[in-house]
Amino acid sequence: MKAAAFVLLSLLLLLPPLLISSTFLKSFVSSLVLIILVLGFGGFYIFNILWLKSAQRLRWKLQKQGINGPKPSLLYGNVPEMQKIQAASLKAPANYGEFVARDYTSSLFPYFEQWRKLYGN
């Protein structure tokens with residue numbers, strides 16, 4: 001915002017005083033505000049269509065097929081929940097007697113194992 005104000009101020013100072021009339025200034029400011037509003041609403045609309053709606057649509061289609069899971073947050077997805085599960089699995093005592101060499105995914109990715117128990121295969 002400061003950069004835009006600086007650019008606007010420098011434009012006003014560089015223009016000759018004869019060109020700066022009250023009607024010119026009003027039309028310049030109103031057109032600048034209009035451009036900012038159009039770009040802002042257009043950007044929000046494109047973000048809404050491309051990002052939010054597509055993610056909701058994909059989640060709805062998966063739930064319709066019976067595929068459920070934890071709901072992700074906007075910026076981080078499921079990373080905080082994954083970190084909690086990972087930390088809890090490191091604190092839990094290891095059962096080396098029940099360890100199967102081919103089942104390494106439950107030790108590397110304990111959140112998948114927990115989500116499989118909660119939401120199914």
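So the sequence shown is residues 1 to 121, counted in UniProt numbering.
Think of the CB as a built atom: it goes at the ideal place given N, C-alpha and C, for glycine as much as any other residue.
CB contact flag (residue i, residue j, <8 Å)
{"i": "Trp115", "j": "Pro70", "result": "yes"}
{"i": "Asn78", "j": "Tyr119", "result": "no"}
{"i": "Tyr104", "j": "Gln86", "result": "no"}
Whole-angstrom distance between residue j and residue i, CA atom to CA atom
{"i": "Ile49", "j": "Ser107", "result": "39 Å"}
{"i": "Phe41", "j": "Lys61", "result": "28 Å"}
{"i": "Leu37", "j": "Ser30", "result": "10 Å"}
{"i": "Leu58", "j": "Trp51", "result": "11 Å"}
{"i": "Leu18", "j": "Phe28", "result": "Low local confidence applies: a pLDDT of 48 at Leu18 is under 50, so the model's placement there is unreliable, with the coordinate-based value given in what follows. The straight-line gap from Cα to Cα measures roughly 15 Å."}
Outcome for residue i when other beta-carbon atoms lying within 10 angstroms are tallied against a minimum of 16
{"i": "Lys117", "result": "exposed"}
Worksheet item: Could you give the uninterrupted runs of the alpha helix (DSSP H) lying entirely in the region 28–87, keeping only those of 4 residues or more?
Response: Runs of the alpha helix (DSSP H) lying entirely within the region 28–87, each at least 4 residues long, are 54–64 in chain order.
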